[in-house]
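Asks: Quick one: the structure is below, questions incoming.
Numbering (our numbering), first residue to last: 4 to 163.
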C-alpha cells in the first residue's frame with residue numbers, strides 16, 4: 004500500500020508541474036496592424052443599418068453615449084485590425100477587442116460569433132467604432148482571451 008501511495012504522490016506532483024508549465028508558457032503575441040477610416044456617408048448602408056438597430060433596440064455592441072444619430076456625414080467608422088499569434092499549447096478562447104472610448108465616440112459594433120484561436124495559429128481580428136467625423140484615430144484598447152477558463156488581458160495603443 005505504501006508504494007502505491009508514493010506513486011500517487013509522484014503522479015500528482017507531475018500533473019501539477021505539467022499544468023504549471025502550460026500556464027506559464029501560455030503566451031500570445033498581439034500587435035497593431037492598421038486603422039481604416041471610412042466616412043459615414045460612404046458607408047451609408049452600414050450607417051443606416053446601425054441607426055435602425057439602435058432605434059429598434061436590436062443593436063449588438065457597446066454604446067458609449069445615449070444620443071440619437073444625426074446625418075451620416077457627421078460621423079466616421081474607424082476599423083482597427085490587430086494580428087494575434089498563439090504561441091501556447093492551449094486554445095485561446097473568446098478573444099475580444101474592447102476600445103476605450105474618447106469624447107465624441109458613439110459606439111463600438113459588436114460581433115455575433117466568438118473568436119477562438121488554436122495552438123500555434125495566427126489570425127487578424129478587427130473592431131469598428133462609430134465616432135465624430137473630426138476625431139483622430141488613436142485609441143487605447145484591451146484585448147481579452149481565455150486559456151482553460153482563466154482570463155488574460157493586454158492593453159495596447161491603436162492607431163499609431
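Note that the Cβ used here is the ideal one computed from N, Cα and C, for glycine as well.
Below 8 Å, can you find three or more Cβ-Cβ pairs linking the segment 145–158 to the segment 92–101?
Replies: Touching, yes, given that three or more Cβ pairs across the two stretches are closer than 8 Å.
Asks: Whole angstroms is fine: what's the gap from residue 124's alpha carbon to residue 118's?
Replies: Position 121 of the chain shown, counting from 1, holds the residue named residue 124. Position 115 of the chain shown, counting from 1, holds the residue named residue 118. Near 13 Å, if we compare the C-alpha coordinates of residue 118 and residue 124.
Asks: Would you be able to state if there are at least three C-beta pairs under 8 Å between the segment 82–94 and the segment 48–59?
Replies: no
Asks: Tell me which residue opens and which closes the alpha helix (DSSP H) that residue 6 is part of.
Replies: Here residue 6 corresponds to residue number 3 of the chain shown, with the count starting at 1. Start and end: 5–27.
Asks: With the cut-off set at 7 Å, would you say residue 111 and residue 65 are in Cβ contact?
Replies: Here residue 111 refers to the residue found at position 108 of the chain shown. Here residue 65 refers to the residue found at position 62 of the chain shown. Cβ atoms of residue 111 and residue 65: closer than 7 Å.
Asks: My guess is that residue 46 and residue 136 are in contact by the Cβ rule of under 8 Å, so how many angstroms apart are they, rounded?
Replies: Within the chain shown, the letter at position 43 stands for residue 46. Within the chain shown, the letter at position 133 stands for residue 136. Approximately 12 Å separates the beta-carbon atoms of residue 46 and residue 136; this is outside 8 Å, ruling out the contact.
Asks: Measure the alpha-carbon distance for residue 30 versus residue 17 and round it to whole angstroms.
Replies: In the chain shown, the residue the question calls residue 30 occupies position 27. In the chain shown, the residue the question calls residue 17 occupies position 14. So the alpha carbons of these two residues sit roughly 22 Å apart.
Asks: Could you tell me the distance, in whole angstroms, from the CA atom of residue 20 to the CA atom of residue 27?
Replies: Residue 20 sits at position 17 when you count from the first residue of the chain shown. Residue 27 sits at position 24 when you count from the first residue of the chain shown. If you take the alpha carbons of residue 20 and residue 27, they lie about 10 Å apart.
Asks: Report, in whole angstroms, the separation of the C-beta atoms of residue 102 and residue 144, which I expect to be a contact under 8 Å.
Replies: Start at 1 with the first residue of the chain shown, and residue 102 comes out as number 99. Start at 1 with the first residue of the chain shown, and residue 144 comes out as number 141. Indeed they touch by this definition, with Cβ atoms about 5 Å apart.
Asks: Do you know how far the Cα of residue 49 is from the Cα of residue 33?
Replies: Here residue 33 is taken as the residue at index 30 of the chain shown, counted from 1. Here residue 49 is taken as the residue at index 46 of the chain shown, counted from 1. The alpha-carbon separation between residue 33 and residue 49 amounts to approximately 28 Å.
Asks: How about residue 62 and residue 133: do their beta carbons lie closer than 7 Å?
Replies: Residue numbering aside, residue 62 sits at position 59 when the chain shown is read from its first letter. Residue numbering aside, residue 133 sits at position 130 when the chain shown is read from its first letter. Not closer than 7 Å, so no.
Asks: Does the beta-carbon distance from residue 3 to residue 108 come in below 7 Å?
Replies: Residue numbering for the chain in the displayed model covers 4 to 163; residue 3 lies beyond these limits and cannot be assessed.
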